[in-house]
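Enquirer:
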Amino acid sequence: MRKAAGIWTIGAVAVVLLGWGAVTVLNHSGEMRGAGQGTEAAAGLNGRDAGKGVASGIGGRDVGKEVAAGAGEQAAAGADRRGTGTVGRDATGKTATGASAGFHYASDPNYYTETFRPQYHLSPESGNMSDPNGMVYFEGEYHQFYQNSGQWGHAVSKDLLHWEHLPVALARDSLGEIWSGSAVVDAKDTSGFFGGKAGLVAIFTHFKGGVQSQSIAYSSDKGRTWTKYEGNPVIPNPGLKDFRDPKVIWYAPTKSWVMVVSVDNRVRFYTSPDLKTWTMTSEFGSDQGSHAAVWECPDLFELPVEGSKAKRWVLTVSIGNNTATKGSTAQYFVGTFDGRTFKNDNAPSDVLWTDYGKDFYAAVSYSDIPAKDGRRIWLGWMSNWRYPFAMPTGAWNGSMSIPRELTLRDVAGQGLRLVQQPLKELTALRGQAAVVERTPLAPGGARNLFDGLKGTSYELETELTVQPDAQVDVALRRSADGAQATVVSYDAAAGVLSVDRTHAGVSTFEKGFAEKVSAPLTLQDGKLKLRLYVDSASLEVFANDGETVVSSIMFPDPTSSGLSIEAVKGGAVLERASFYPLQTVWRQEDVNSDTPQRIVLSKASVDVPVGGSQSVAAGVLPYRAPQGLMWESDNEAIAKVSASAEGGAAVTGVGSGSTVIRAKTSDGRISASMNIFVYETK
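Reminder that position 95 of the sequence shown reads as 95 in this note's numbering, one-by-one numbering, no gaps.
(1) Could you tell me the distance, in whole angstroms, from the CA atom of E296 to the CA atom of G210?
(2) Quick one: is D590 buried, meaning 16 or more other Cβ sit within 10 Å of its Cβ, or exposed?
(3) E697 by DSSP, collapsed to three states: which one?
(4) What beta strand (DSSP E) runs, 3 residues minimum, are completely inside the segment 537-577?
(5) Got a sec? Which residues, its chain only, sit under 8 Å from L352 by beta carbon, not counting five neighbours each side?
(6) Hey, how far is the Cα of V317 from the Cα of V294?
(7) Apply the 10 Å Cβ neighbour rule to G546 and answer buried if 16 or more other Cβ atoms are within range, or exposed otherwise.
(8) Three or more C-beta pairs under 8 Å: does that hold for the segment 299-315 against the segment 271-282?
(9) Can you list, in chain order, the stretches of the beta strand (DSSP E) that have 3 or more residues and sit fully within the segment 140-172?
(10) May I have the straight-line CA-CA distance separating N322 from Q467, to the nearest angstrom?
(11) Evaluate Q696 with the Cβ neighbour count: other Cβ atoms within 10 Å of its Cβ, from every protein chain shown; 16 or more gives buried, anything less gives exposed.
(12) What does the alpha-carbon distance come out to for the pair L740 and F207?
(13) May I have the straight-line CA-CA distance separating W396 from A324, to the nearest angstrom?
(14) Can you give, in chain order, each stretch of the beta strand (DSSP E) that sits fully within the segment 234-276 and has at least 3 residues?
(15) Cutting at 6 Å between CB atoms, please list the residues of its own chain near V606, excluding the five before and the five after it.
(16) For a test of the three-state rule: what should DSSP assign to L200, helix, strand or coil?
(17) Expressed to the nearest angstrom, what Euclidean distance is found between the alpha-carbon atoms of R409 and G415?
(18) Taking the continuous beta strand (DSSP E) assigned at I178, which residues delimit it?
(19) By the three-class DSSP mapping on this structure, what secondary structure does G647 have?
(20) Helix or strand or just coil, what does DSSP make of T522?
(21) If you follow the beta strand (DSSP E) that P392 is part of, which residue opens it and which one closes it?
(22) Should V248 and V185 be called a contact, given that it needs their Cβ atoms to be closer than 8 Å?
(23) Beta-carbon separation of A572 and T462 under 8 Å?
(24) With a cut-off of 8 Å on the beta carbons, I'd call E540 and I402 a contact; round off their distance for me.
(25) Can you name, in chain order, every residue of its own chain whose Cβ lies under 7 Å from the Cβ of S633, other than the five neighbours on each side?
(26) With a threshold of 16 other CB atoms inside 10 Å of the CB of T508, please say whether the residue is buried or exposed.
(27) Quick one: is R224 buried, meaning 16 or more other Cβ sit within 10 Å of its Cβ, or exposed?
(28) Going by CA-CA distance only, name the one from D242, V261 and T271 that's closest to T254.
(29) Tell me, please, which residues DSSP counts as bridged to N128.
(30) Distance, Cα to Cα, T329 vs Y361?
(31) I need the straight-line Cα distance from D593 to S671, nearest angstrom please.
(32) Could you tell me which of F342, F269, I553 and T281 sits nearest to Y356, measuring between CA atoms?
(33) Here's a check: name, in chain order, each residue in its chain whose Cβ is nearer than 6 Å to the Cβ of N344, leaving out the five neighbours to either side.
(34) What are the start and end residues of the beta strand (DSSP E) that includes L449?
(35) Which first and last residues belong to the beta strand (DSSP E) in which P494 is found?
(36) Return the first residue and the last residue of the beta strand (DSSP E) that S605 is part of.
What follows is the structure, encoded as structure tokens:
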């Protein structure tokens, strides 16, 4: 990337950055196109952060220290690191990066900067995060509960972007562990728990000694404390091995509560007037859809059909780990519901998959979103029961997907299908756009239209016209040498969209993790739209306005930040592409700044033989900052280091032993270090 006078030059395509999404584009001929206007938001901390911190390592060795400008020690771990940071504001007084009023960023500049730590996805400070639970909106807050080793972890947000971690909400007790479930607003106090006022009721599975039963708890202080009902369980186990994950809704026509709960490879429906006494009304699923494994985490909701006044009911269920689907997955049914019985509109043998990736599980929707909003929003756990907590992330494991809005669409040749679109609030995280205009693509093209674009947390929107015999590949999180990348590919002849993570990064933690997944996708008039959300360790692909979705986690080097697009065969036209770096939701930083904020190194440590050499990649964040670095070795009798292309370095072993190499920005304000181990080959 070459930068001068506010211009990003992407290969031969120059992009002038004027503001938050206002851009002027020079096409491949150098012609000025579409000048826009805009005011750049003021910088957050302007990269002048204080303190230092150590990121988690892989393979038992520490990642090099990342030292920000100035002096200071790392703030205390856990919630204390959230400190007193405040919402950044621009020159107009509006909050920067779209943070809700009153949100507090972390005061520690190294909070949530560990290797693979998501920057705009919810992940736990420590411990495990799996199934989303108890998702509910109440009095201005979205509550995100989640499975945390047999109890409910808890976070809250005002905008579904910026999250505040709270203490464990529901801890295991004498009746057992607290497994998955849901939460509702008891607006009319049908339960009698709230003295005529509104309150929150959680409905969950108790698990003890192999027995699963359904219980409830209630909160009258906006979910900060919970009281378990003395009459638990409200539905004792009816003699079933698998009986779990209750989802409860209010069914207005009968003025009653409805529960759908997983029962082995089907679901049961119950009704209740007060959330305490329940009556079974029906079962569904014994001869419907996929039965590759146990059904889990059901959800039930009514959705509008796009472009009409019609509505239909949707029942979703997740499917446990199995060999037929090569891991856990999820399916859905479209039909009718009368408060007691669900009927499938499609043939019993039809299987409608929710997401074609390996990492979108146990998705459930938020309850009680206000009617004036009217959206059905859900998210899922970004992992798989093949490798739930084996990832190379250290003290924390697991994250949620981005929130998604749901609708139904009448898809030509298929019928009504579930459509998932990224939550519109995510646009508030966008930094300045880089736009590539209309350019033909052909096999063997010498020019990568995305050359110069860099990022590890970003949104990429592309629209292409694809010939019937074409294959187009988009490589993301690409290393400088091209050896590492996650590739999104569309094969028009086969009508298949695929995501290939076989060379995406670390994969040794699970034998089959390095894999390629595929999804059917039929184009209309040859148009392919891709909206891609990339984060430190995840990719979510929304194709053709959410008709096909593929969600995958991956673990690339922190410095694998390049992008490329190519026609592998046939002809295609890139109609337009927009690249938006995304702001972190955890720290008050400015992704548009060209002031260095942090240095990332490709490896935790390097082993070099005496007389041998190893290359090290490095990056300066944000990527608009100058990428040139100065390098030094603490002991040149053991290892020497010299700068190489792309801001990296070459490390040469001189004598056996260990030492440290350091990378610094030209002004010396930002530095990072790496351990070097030199060994004899004889």
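Note that the Cβ used here is the ideal one computed from N, Cα and C, for glycine as well.
This one's a predicted model, so the numbers in the text were calculated from it and none came from an experiment.
Expert: Straight from the coordinates:
(1) 16 Å
(2) Its Cβ being crowded by 16 or more others within 10 Å, D590 is buried.
(3) In the structure as shown, the chain begins at 1 and stops at 682. Residue 697 is therefore absent and cannot be evaluated.
(4) 538-543, 548-553 and 562-569
(5) A distance below 8 Å between beta-carbons, with the five flanking residues on each side excluded, links L352 to the following residues of its chain, in chain order: G289, Q331, Y332, F333, V334, N346, R417 and L418.
(6) Those two C-alpha atoms are separated by around 10 Å.
(7) buried
(8) Because the criterion of three Cβ pairs below 8 Å is not met, the segment 299-315 and the segment 271-282 do not touch.
(9) 141-147, 152-157 and 163-170
(10) 37 Å
(11) In this structure the chain extends from 1 to 682, so residue 696 is not present and cannot be described.
(12) It is not possible to answer for residue 740, since the shown part of the chain is limited to 1 through 682.
(13) Cα to Cα, W396 sits roughly 30 Å from A324.
(14) 243-251, 256-263 and 266-272
(15) Q614, V651 and I676
(16) strand
(17) If you take the alpha carbons of R409 and G415, they lie about 8 Å apart.
(18) E177 to D186
(19) helix
(20) coil
(21) No beta strand (DSSP E) holds P392; DSSP gives it neither H nor E.
(22) no
(23) no
(24) That belief holds up - the Cβ atoms of E540 and I402 are roughly 6 Å apart, short of 8 Å.
(25) A639, K640, V641, T659 and I661
(26) Exposed is the call here.
(27) With fewer than 16 Cβ atoms within 10 Å of its Cβ, R224 is classed as exposed.
(28) T271
(29) Note: N128 sits in a beta bridge opposite N397.
(30) 6 Å
(31) It is Ser, not Asp, that sits at residue 593 in the sequence shown. C-alpha of S593 to C-alpha of S671: approximately 18 Å in a straight line.
(32) I553
(33) Q288, F333 and G335
(34) That residue, L449, is in no beta strand (DSSP E); it is neither H nor E in DSSP.
(35) In the sequence on display, residue 494 carries Ala and not Pro. First-last for A494: undefined, no H or E at that position.
(36) S605 to P609
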